Ligand SMILES: Cc1ncc(C[n+]2csc(CCOP(=O)(O)OP(=O)(O)O)c2C)c(N)n1
Ligand SMILES: Cc1ncc(C[n+]2csc(CCOP(=O)(O)OP(=O)(O)O)c2C)c(N)n1
Ligand SMILES: [Mg+2]
Ligand SMILES: [Mg+2]
């Protein structure tokens with residue numbers, strides 16, 4: 003991980019673009035009314051997803067939340083099947099049953115996005131307990147938001163992970179808002195990380211829009227966690243370019259704040275860095291590839307058949 | 003409060019004895035099978051209850067937990083009606099419906115003991131919110147145990163109290179065990195108070211077996227809290243002489259540990275201090291009075307009629 | 092009489108009660124500026140300020156507990172749980188605290204508290220944002236339950252709920268927010284515990300509440316086209332249940348369909364149906380049928396969601412099956 | 092065959108499954124040294140160690156969530172919730188996570204997880220320690236429910252539950268822990284989803300589960316003394332329900348009492364009763380009656396608790412009322 007060969011970086015750049023492109027296409031499909039329901043776009047937060055997963059291996063696990071498309075793709079999820087899920091097709095990650103907030107792919111260690119704010123924290127803790135009991139050396143990375151940090155499950159789960167010294171990284175994407183509520187209204191403190199000490203846990207605040215800062219923090223953490231030192235908390239400061247969900251006009255934040263954050267776009271940051279090592283042509287190619295993969299994903303979703311209702315009721319049980 | 007006139011101290015001493023005597027009689031009634039169900043005795047923890055309530059006024063409020071007999075009596079509750087409640091009589095604090103873990107007396111600001119570990123924390127927070135909205139200058143003191151501090155409600159409630167700067171004192175009776183589980187098995191930290199900083203809240207650890215330490219800490223805290231500085235956390239170290247509940251043989255702790263703590267008996271401590279200011283005769287009189295009041299309470303409970311079942315179903319609603 | 096949206100009717104009721112009684116205040120996630128996920132409380136913070144339209148962190152169980160504590164001291168909290176699915180987090184404060192305090196503490200306390208929350212699917216939100224969980228509450232004594240189907244009842248029942256001295260679960264419905272209906276001018280209330288007969292009929296009784304009422308009306312229209320006259324009853328209150336109104340109708344028609352959007356097994360229909368069977372056994376010309384969601388989570392994909400959730404066609408089919416039984 | 096306590100039967104099942112399958116482990120508050128509030132797991136930590144008999148902090152919702160996460164990775168957690176009343180805190184992880192993951196994630200996951208918890212009153216513990224909340228679970232697809240009445244079924248059903256690849260709620264009962272009964276030697280299981288006919292009879296069917304089964308047997312004895320032969324059926328599994336066995340009996344007797352310790356309104360009896368009414372309407376000689384707790388919290392005072400909770404005398408009375416009809 004530590005020495006960055008250009009090809010690898012290009013692939014991470016492509017993956018960030020893939021996420022951005024995925025979310026932007028989705029927005030259009032919702033706008034056209036070709037997809038209904040709702041979605042929580044993660045544009046602007048691509049570096050947390052890709053940076054964190056870049057520091058994990060295939061045998062590691064991730065739990066996610068409602069804003070999980072980026073996490074899924076970053077962990078190696080197939081954009082085709084995710085797009086199909088959003089179109090409600092049989093080929094979707096969850097066969098169309100889950101939709102945007104409810105996808106899991108155990109084959110890549112993606113233990114599920116989650117429609118319940120804070121719901122993923124105990125699940126990540128339980129997965130880490132299983133790893134410890136099974137004496138494997140995997141780690142679990144739990145993505146959650148600043149808002150989720152005020153759910154009781156945060157407190158209960160982090161405490162259990164700490165007393166049992168479980169291999170889990172609690173990774174908070176602090177994008178400064180929980181839906182419409184600014185961090186300062188939900189917290190009496192400056193950072194979520196202030197709470198790490200309450201669980202005798204290491205905690206650090208990092209720049210969530212810098213792929214390298216995220217990746218390096220997570221790989222260092224993963225090393226400590228794998229070594230059996232117990233959980234840790236990483237708080238990545240970031241910002242969603244979009245609204246909370248489809249129906250959000252963002253009246254609760256200023257256009258100036260948004261503009262300032264757009265100057266700190268994780269993808270632009272990555273590109274600037276890449277230009278030092280890669281040729282512009284390579285970079286453009288990565289950009290074309292990303293767009294192309296999303297075209298494929300859309301085509302795949304559109305061609306896919308709707309789910310079959312036959313046997314739906316029986317599928318509630320493992321028999 | 004600050005200058006201790008002897009009479010006042012004697013009355014607090016009497017109240018501590020009252021609690022001790024109350025719990026010890028109860029033990030016998032359970033042993034005799036004259037009361038069934040179960041109870042959580044607070045013998046050994048009289049200084050936290052009486053010390054904390056000594057620093058509150060009649061217009062202040064208390065929320066309690068499953069180990070609440072002492073809290074109730076300390077806040078000014080009538081031992082007669084509490085005894086009657088345990089005997090399941092119509093004259094009981096809750097008319098016999100609640101039993102040991104479910105008594106409230108709004109006329110004295112006792113907002114209820116609670117059978118759900120951690121259940122009282124949001125209730126105390128809500129009461130404090132009401133006080134703030136009503137612009138009154140009362141405070142709420144929330145008694146909870148070390149075990150309760152790991153419930154999600156602790157985290158959620160303390161956070162809300164902190165962001166809203168509510169007049170509530172979170173008073174943790176850390177008696178070193180949650181049922182059979184030692185503090186160190188439930189916590190990755192040395193003290194509950196370590197968590198206060200996570201809510202930008204003052205936190206202090208005090209000697210819970212020293213009436214004066216408890217009372218002075220709570221009156222100082224009440225002053226700050228009343229002044230609008232937001233909640234605080236007081237962690238009083240104490241120890242229950244008895245088992246967790248009726249069926250507990252205390253195999254999880256050593257006889258030596260118990261003996262050591264008995265040397266630090268809150269009532270003996272108070273008596274030693276009293277002997278400096280009060281005459282032995284006065285002290286003996288207080289002791290006789292306490293025993294006498296419990297005799298009365300028992301007589302009252304025994305004479306009281308059982309609750310009436312008529313109209314029980316309709317009493318579920320306020321009409 | 093003005094024609095307004097169901098969402099507006101709720102907002103009006105909240106506003107009028109906030110004006111009428113200073114003890115009333117709102118508590119919930121993103122209810123202030125944002126107006127909540129469905130914008131029901133939009134505009135109220137500008138008028139009443141952040142103390143009375145109070146945003147909370149994401150902490151459902153303690154939000155309800157805070158409401159209980161505030162109500163014990165005489166305030167009248169109206170809590171919004173953003174989606175009914177999230178009330179699962181607050182069941183302890185609702186069932187072991189709010190529901191029990193009055194009885195358990197010997198009738199000392201009053202808990203005037205309302206929990207507003209939208210249930211229902213048909214929006215493609217998926218399994219954790221589409222549930223109808225009201226049936227969980229009917230087995231817990233101490234919490235009243237209302238589930239209005241029209242703007243008129245939404246406003247009138249919400250006012251009754253806010254003025255009630257007991258905890259009340261006020262079940263809204265996402266697909267009804269955009270529905271328009273006539274609402275009287277000025278102050279009025281709809282009593283908790285009274286069903287309403289929306290359409291009189293002699294041949295069969297269609298019983299439901301909330302969104303399914305409109306599916307029953309559609310089914311009744313289709314039946315009328317075949318000369319079958321269905322009586323359509325909106326239960327409105329699930330606790331207490333107005334069995335008198337239901338029994339009166341069933342004694343007349345002898346045939347019953349009960350429809351709800353929640354899961355078939357263990358639903359509200361089982362309770363209503365059992366009571367009708369029990370007390371009107373000899374009046375029934377055919378067994379009661381219930382129409383409800385299939386016993387699986389509510390899927391996100393439109394074709395699956397439509398398959399799982401009941402609509403007027405299921406009501407119509409059940410009615411036909413019943414009518415077929417001589 | 093050995094005669095052992097219900098509590099011992101549960102302990103034996105746990106021990107044998109812990110020996111049989113290393114993926115099985117126990118999670119709960121004070122279950123290790125202390126053995127839990129009712130000492131069911133006593134002695135197991137000495138044999139299996141603190142990793143497999145794992146004490147947790149007091150954090151019910153996350154304890155269940157930890158179980159879900161561990162099960163997703165192939166372990167088979169058996170969780171103890173000290174009193175059924177406290178499961179109210181874990182409803183979100185149970186209903187929005189454990190119950191939905193398999194279906195919602197397109198059948199990728201298996202969640203072999205058991206939640207053991209004792210329900211029931213009659214111990215004077217008061218409103219928050221005496222509830223029978225199993226009815227909350229029957230309306231949530233995705234969680235099986237069993238509620239054994241005897242040591243034999245307790246051991247056999249717990250083994251089936253632990254070997255099942257779905258979440259199973261295993262409902263114990265405080266007053267049954269001290270009950271003795273015959274248990275086969277060696278390994279055996281009782282299938283989930285099968286009711287058992289404890290006593291054959293032709294005149295009336297008494298249906299119940301858990302502790303109320305014994306009240307029904309007492310009532311059947313009293314009826315037998317009057318020459319009335321009651322068939323006594325223990326449902327044992329509340330989800331899935333074995334309607335075949337119930338229907339077969341009711342077709343024979345035409346008369347039914349359903350008894351449970353939970354609240355009357357919205358109880359398990361409503362669901363079972365509705366299904367019987369629906370499918371056997373024309374076989375019933377009289378309306379089904381249900382026997383259940385009154386719709387108030389379970390009080391602590393003995394005289395009140397006895398008044399609120401149902402017992403064999405209520406079953407007997409209901410049976411007499413039914414037999415009195417025509
Ligand atoms: C239990 C629960 N409460 C509320 C919601 C509604 N909700 C969805 S996302 C969200 C905000 C979450 O904020 P944060 O954790 O910071 O994540 P972000 O949306 O900022 O990525 C809320 C309130 C929910 N889905 N689940
Ligand atoms: C929600 C809930 N979980 C578990 C219990 C069982 N229980 C009663 S008291 C107790 C221990 C509480 O420990 P602590 O808070 O330290 O109080 P202490 O008993 O030491 O005074 C437990 C686990 C309960 N009553 N409620
Ligand atoms: Mg956020
Ligand atoms: Mg303790």
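Chains as they are written, first to last, in the working numbering: chain V, 3 to 321; chain X, 3 to 321; chain A, 92 to 417; chain F, 92 to 417.
Cβ coordinates follow ideal geometry from the N, Cα and C atoms, glycine included.
None of the values given here were measured: they were computed from a predicted structure.
- Beta-bridge analysis with DSSP links residue 325 of chain F to F:287, F:299.
- Every residue whose beta carbon comes nearer than 6 Å to a heavy atom of ligand 3 appears here in chain order: V:147, V:148, V:149, V:177, V:179, V:180.
- By the 16-neighbour rule on beta-carbons within 10 angstroms, residue 140 of chain F is exposed.
- Going by C-alpha positions, residue 254 of chain X is about 21 Å away from residue 194 of chain X.
- Taking a C-beta distance under 8 Å as the contact criterion, residue 255 of chain F and residue 235 of chain F qualify as a contact pair.
- Between residue 88 of chain V and residue 101 of chain V, the gap from beta carbon to beta carbon is short of 8 Å.
- The beta carbon of residue 147 of chain V sits closer than 8 Å to those of 67, 69, 119, 174, 175, 176, 177, 180, all from its chain and outside the five residues before and after it, given in chain order.
- In this structure, residue 132 of chain F and residue 149 of chain F do not form a Cβ contact; the two beta carbons are roughly 17 Å apart against a cut-off of 8 Å.
- Burial state of residue 385 of chain A is buried, judged by a 10 Å Cβ sphere holding 16 or more other Cβ atoms.
- Using a CB distance cut-off of 8 Å, residue 210 of chain A does not count as an interface residue toward chain V.
- Just so you know, the alpha carbons of residue 130 of chain A and residue 95 of chain A end up roughly 15 Å apart.
- Taking a cut-off of 8 Å for Cβ pairs, the segment 366-386 of chain F and the segment 401-409 of chain F touch, as three or more such pairs fall below it.
- Among the CB atoms of chain F, one or more fall inside 8 Å of the CB of residue 95 of chain V.
- Within the same chain, 391, 393, 396 come within 7 Å of residue 215 of chain F by CB-CB distance, once the 5 residues on both sides are set aside.
- Close CB contacts of residue 271 of chain X within its chain, under the 8 Å cut and outside five residues either way in sequence, are with 49, 211, 212, 213 (chain order).
- Closer than 8 Å to the CB of residue 150 of chain F there is at least one CB belonging to chain V.
- Contact with chain A is absent for residue 305 of chain V, since none of that chain's Cβ atoms lies less than 8 Å from the residue's Cβ.
- Residue nearest to residue 238 of chain F within the set F:248, F:231, F:232 is F:248 (criterion: CA-CA distance).
- Shown here, residue 107 of chain X sits in a strand according to DSSP, grouped into three states.
- With its beta carbon less than 8 Å from one in chain V, residue 191 of chain X belongs to the interface.
- Remark: the C-beta of residue 180 of chain F is in contact range of ligand 2, defined as less than 7 Å to any heavy atom.
- Residues of chain X with a Cβ closer than 7 Å to the Cβ of residue 184 of chain A are, in chain order, 124.
- By the CB criterion at 8 Å, residue 208 of chain F and residue 262 of chain F fall inside the cutoff.
- Judged by DSSP secondary structure, residue 96 of chain F falls within the beta strand (DSSP E) whose first and last residues are 93-96.
- For residue 161 of chain X, the nearest beta carbon of chain A is closer than 8 Å to its own beta carbon.
- Listed in chain order, the positions of the segment 165-190 of chain F with a beta carbon within less than 7 Å of a beta carbon of chain A are 176, 179, 180, 182, 183, 186, 187.
- Taking C-alpha positions only, residue 233 of chain F is separated from residue 118 of chain F by approximately 21 Å.
- Going by DSSP, residue 380 of chain F is part of the beta strand (DSSP E) stretching over 380-384.
- When secondary structure is reduced to three states using DSSP, residue 235 of chain F falls in the strand class.
- Contact of residue 218 of chain A with chain F by beta-carbon distance below 7 Å involves 191, 195.
- Residue 261 of chain F sits in a strand when the DSSP states are folded into three classes.
- In the same chain as residue 370 of chain F, and ignoring 5 residues on each side of it, the C-beta atoms closer than 7 Å to its own belong to 338, in chain order.
- Looking at the DSSP output, residue 305 of chain A shares a beta bridge with no other residue.
- Per DSSP, residue 348 of chain A lies in no alpha helix (DSSP H) segment; the continuous beta strand (DSSP E) that holds it begins and ends at 347-354.
- Scanning V:90, V:278, V:141 for the CA closest to the CA of residue 172 of chain V turns up V:141.
- Looking at the backbone, the Cα of residue 250 of chain A and that of residue 106 of chain X are separated by about 30 Å.
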